[in-house]
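In the working numbering, the protein residues as written are 777 to 1142. Built from N, CA and C at the ideal position, the CB exists for glycine as well. The structure appears below as structure tokens.
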């Protein structure tokens, strides 16, 4: 018998969430983002779940090739572009788009002689200060791209730092849009602006900012997998979970007042109680730093983690679950237990939990 921990991937939920992205950004084409092994769901599964997307976007050049090998014929975009001149040859051979965000990349492209013209996405740094040309440098970079006979199309792109908090006091979305419009003024080419946060908040932004945010392409990531970048819950946004992590109780301990549980004896019982031991630990991808009271479901009933998460096990409070026993089903996150709620309790985000799923966890579809 295999160890009882299982991650169930819900392909139909990905399709539903993609449809929600389209509904929030009517008229825009959609890049389905499946970087980091499809946010931990598996590249091939994510490709099937996002089959209706207009294109797929990721980070890893080798996985762009893999998508072609798996049969994906629509556009592919490398969100960080190329890392080496050899990547440009691959992009030409496989018909892969690439982001250009630095002088070093631009120089590589100018020196390249690819076998066919490339489609590029010129990235502007509007305040995120990670990648991209500053607004005052953008037109010059665009002119250099247009001068190259092996550049076929140029899309204008930026990335929002605070789309989940549009009125952020340090860098509101409206200011990033203003900088983008100033830097891209008069330049031809389609526009790619909104990430998941921008897409999800687009309907509520009203005709002014909502209209400014509208673009030719949108780039949903976490929302496609049933998580949110902040604000309302996934359920309130109409999103469905795409990964459910389940396990079972493998032991039940009856303890007395004063007894402690786990490494560091962080939990001490106030009176007689029952403790369930779950086959799931940080070696499975569950966050070691998840504190006491992080929520979990046992036999469909909400309870909490007690004690410290260890490599292979965690312990839960069964005080109000008298019928729980060895073999009782446990839901760590997913259907019935929102991943964002677990992530918030652990001081992280749903993205990290999905991406951290360990190779030893059995993965099924359902």
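Within 8 Å, strictly: CB atoms of residue i and residue j
i: residue 1082; j: residue 818; result: no
i: residue 989; j: residue 999; result: no
i: residue 1072; j: residue 1092; result: yes
i: residue 1214; j: residue 1025; result: As displayed, the chain neither begins before 777 nor continues past 1142, which places residue 1214 out of reach and without an answer.
i: residue 1124; j: residue 1063; result: yes
i: residue 900; j: residue 956; result: yes
i: residue 1017; j: residue 789; result: yes
i: residue 1057; j: residue 1088; result: yes
i: residue 1084; j: residue 1050; result: no
i: residue 858; j: residue 823; result: no
i: residue 808; j: residue 833; result: yes
i: residue 913; j: residue 934; result: no
i: residue 831; j: residue 851; result: yes
Local Cβ density within 10 Å of residue i, reported as buried at 16 or more and exposed below that
i: residue 1036; result: exposed
i: residue 821; result: buried
i: residue 1153; result: No answer is possible for residue 1153: the residues shown for the chain start at 777 and end at 1142.
i: residue 884; result: buried
i: residue 911; result: buried
i: residue 777; result: exposed
i: residue 786; result: buried
i: residue 1009; result: exposed
i: residue 888; result: buried
i: residue 863; result: buried
i: residue 829; result: buried
For residue j and residue i, the rounded distance between their alpha carbons
i: residue 1021; j: residue 795; result: 24 Å
i: residue 856; j: residue 838; result: 13 Å
i: residue 1098; j: residue 853; result: 53 Å
i: residue 958; j: residue 874; result: 23 Å
i: residue 898; j: residue 993; result: 13 Å
i: residue 869; j: residue 836; result: 16 Å
i: residue 932; j: residue 950; result: 17 Å
i: residue 1059; j: residue 781; result: 12 Å
i: residue 892; j: residue 926; result: 7 Å
i: residue 915; j: residue 960; result: 7 Å
i: residue 1133; j: residue 844; result: 25 Å
i: residue 1114; j: residue 1070; result: 12 Å
i: residue 812; j: residue 996; result: 14 Å
i: residue 1116; j: residue 1090; result: 19 Å
i: residue 909; j: residue 880; result: 11 Å
i: residue 1171; j: residue 1079; result: Not covered by the structure: residue 1171. The range shown for the chain is 777 to 1142.
i: residue 1105; j: residue 976; result: 33 Å
i: residue 867; j: residue 805; result: 21 Å
i: residue 1137; j: residue 1076; result: 21 Å
i: residue 746; j: residue 803; result: What is shown of the chain runs 777 to 1142, which leaves residue 746 out entirely.
i: residue 1110; j: residue 1003; result: 10 Å
i: residue 846; j: residue 865; result: 20 Å
i: residue 792; j: residue 1030; result: 44 Å
i: residue 962; j: residue 886; result: 23 Å
i: residue 1001; j: residue 1096; result: 32 Å
i: residue 954; j: residue 928; result: 27 Å
i: residue 946; j: residue 1052; result: 46 Å
Cβ shell of residue i (< 7 Å), same chain only, five flanking positions each side left out
i: residue 978; result: 800, 801, 970, 986 and 989
i: residue 882; result: 876, 917 and 920
i: residue 1040; result: 1084
i: residue 1065; result: 1122 and 1123
i: residue 1023; result: 780, 781, 1054, 1055, 1056, 1106 and 1108
Residues of its chain near residue i, where Cβ-Cβ distance is below 6 Å and the 5 sequence neighbours each way are ignored
i: residue 1032; result: 1048
i: residue 973; result: 939, 940 and 1005
i: residue 1112; result: 1073
i: residue 784; result: 1020, 1140 and 1142
i: residue 1119; result: 1125, 1126 and 1129
Proximity to residue i [Cα-Cα], best of the options
i: residue 1130; options: 781, 815, 785 and 779; result: 815
i: residue 895; options: 1132, 1122 and 924; result: 924
i: residue 779; options: 1109, 1128 and 1103; result: 1103
i: residue 1126; options: 890, 871 and 1061; result: 1061
i: residue 948; options: 928, 850, 907 and 903; result: 903
i: residue 1027; options: 792, 1101 and 1007; result: 1101
i: residue 944; options: 1003, 1007 and 825; result: 1007
i: residue 842; options: 828, 810 and 922; result: 810
i: residue 991; options: 967, 1001 and 1013; result: 967
i: residue 798; options: 1013, 928, 946 and 872; result: 1013
Cutoff 8 Å; reference residue i; Cβ partners in own chain excluding five residues on either side
i: residue 1046; result: 1033
i: residue 964; result: 930
i: residue 890; result: 864, 865, 867, 868 and 926
i: residue 827; result: 791
i: residue 922; result: 930
Any chain B beta carbon closer than 8 Å to residue i
i: residue 823; result: The chain inventory of the structure shown lacks chain B, comprising one protein chain alone.
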